[in-house]
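K.L.:
My questions all concern the structure below.
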Amino acid sequence: MKAAVLRQVGTPLQIEDVQINMPGPHEVLIRTKAAGLCHSDLHFIEGSYPHPLPAVLGHESAGVVEAIGSEVRTVKVGDHVITCLSAYCGHCESCLTGHLSLCVSPDTKRDAKDEPRLTQNGAGLPQFLNLSSFAEQMLVHEHACVAIRKDMPLDRAALIGCSVMTGVGAAIHTSSVRPGETVAVIGCGGVGLAAINGAAIAGAGRIIAIDMVASKGNLAHQFCATEFIDASQTDAVKEVIEMTKGGVHHSFEAIGLAKTAEQAFGMLRRGGTANVIGMIPIGQMISLPGFALLGEKRIQGSMMGSNRFPVDMPRLVDMYMNGKLKLDEMISQRIRLDQVNEGFAEMKKGELARSVIVFD
Ligand code: ZN
Ligand code: ZN
């Protein structure tokens, strides 16, 4: 099969032939139908986060089940599925206490002594985030995908696999936004827009979107933001505190910078919670005013929206189908696998919301 391979940090992905194994007892072979380009992929391409190379990147995808292992009970051949990098074992402490997305058990991966899922000319290729979606097929653990209704378009379903789950989940799970509360979201890329949408679904009273690109204002309003701040023109922290007479209940950092994480904390009211969703480059420190902790302000990480994806993703599909979840507005272009590098070049400009690779 064809796949986009990262050979070296800082170089374009190469379209190459990669061999994929047959499913083991608990594995699922998926024909990839759509794969979104996520900012996290770019972190690995640029080397701000490490990964063994060469590797097939991509982790936001949807497809159709082609084959299943002998013990698989959760999906069947022909099912439409969304994948999730939060593969969960189902029997560790995190899983058993309802925190599936925190599972780090190696039981969802193949053992080192087994044949690798992906190989190239006889040598194993490490799978990227349990998925490796920039490829015509994926071989995943059955707890890394979930079946969805078949009237859901797969190009939009793919987005639920990472950015949408991450953003919506940050609002409804990690920070538990309550009806009427006030929210600020820093960064209006795919994840930030999904956090805005998630806050709206949770019933937030005011949702203030913040971005350095003025044209993102319209997009943010389409995702149900009630106000927009162009942070290239003003001090966003000061502005939010003035607008809300003291700060917001929940803030979300969806860029991945120390400075914006500090701003997210700075715009909280007493008792408020700042959620850092973005991937802050390894080695960067954040610093906070210690006295502010007296007001019971909190700052916390939010990873993959604290998801319980086998339950959450079919619900998000229903919310798309009944108009509550916005996905059409999030896709700015559909591209082929061999245009993946052009897609990342667009992402770096910071204007587009999301490019999606569609496979025929
Ligand atoms: Zn992602
Ligand atoms: Zn587990």
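In numbering that gives the first Met the number 0, the protein residues as written are 0 to 359. Beta carbons are placed, not taken as given, at the ideal position from N, Cα and C, and that holds for glycine.
Is the region 187-201 close to the region 320-329, with three or more CB pairs under 8 Å?
P.N.:
A contact exists between the region 187-201 and the region 320-329.
K.L.:
Here's a check: name, in chain order, each residue in its chain whose Cβ is nearer than 8 Å to the Cβ of L41, leaving out the five neighbours to either side.
P.N.:
Closer than 8 Å at Cβ, skipping near neighbours: F343, M346, K347.
K.L.:
Considering only C-alpha positions, which residue in the set S93, H50, I330 is nearest to A33?
P.N.:
Answer by Cα proximity: I330.
K.L.:
Pick helix, strand or coil for S93, following the three-state DSSP scheme.
P.N.:
Note: S93 maps to helix in three-state DSSP.
K.L.:
Should H249 and V182 be called a contact, given that it needs their Cβ atoms to be closer than 8 Å?
P.N.:
Closer than 8 Å, so yes.
K.L.:
When DSSP builds the beta bridges, which residues end up paired with M137?
P.N.:
DSSP lists I29 as partners of M137.
K.L.:
At 4 residues or longer, and completely inside the region 31-87: list those alpha helix (DSSP H) runs for me, N to C.
P.N.:
Whole alpha helix (DSSP H) segments, 4+ residues: 38-45.
K.L.:
Does DSSP put H249 in a helix, in a strand, or in coil?
P.N.:
Reduced to three states, the DSSP call for H249 is strand.
K.L.:
Thinking just about the alpha-carbon of each residue, which of R353, G191, Y319, G349 is nearest to the one in P152?
P.N.:
Ranking R353, G191, Y319, G349 by Cα distance to P152 puts Y319 first.
K.L.:
Can C37 be considered in contact with ligand 1, in the sense that its beta carbon sits closer than 7 Å to one or more heavy atoms?
P.N.:
At least one heavy atom of ligand 1 is nearer than 7 Å to the Cβ of C37, so yes.
K.L.:
Looking at the structure shown, is S305 part of a helix, part of a strand, or coil, going by DSSP?
P.N.:
S305 falls in the helix class under three-state DSSP.
K.L.:
The alpha helix (DSSP H) spanning A183 covers which residue range?
P.N.:
Premise fails: A183 lies in the beta strand (DSSP E), 181-185, not in any alpha helix (DSSP H).
K.L.:
Three or more C-beta pairs under 8 Å: does that hold for the region 232-246 against the region 150-164?
P.N.:
As far as the Cβ criterion goes, the region 232-246 does not touch the region 150-164, which means the pair count is below three.
K.L.:
Among I281, F308, R268, whose alpha-carbon lies nearest the alpha-carbon of K296?
P.N.:
Out of I281, F308, R268, R268 has the C-alpha closest to the C-alpha of K296.
K.L.:
Applying the criterion that 16 or more other CB atoms from any shown protein chain within 10 Å of the CB defines a buried residue, is S132 buried or exposed?
P.N.:
So S132 ends up on the buried side.
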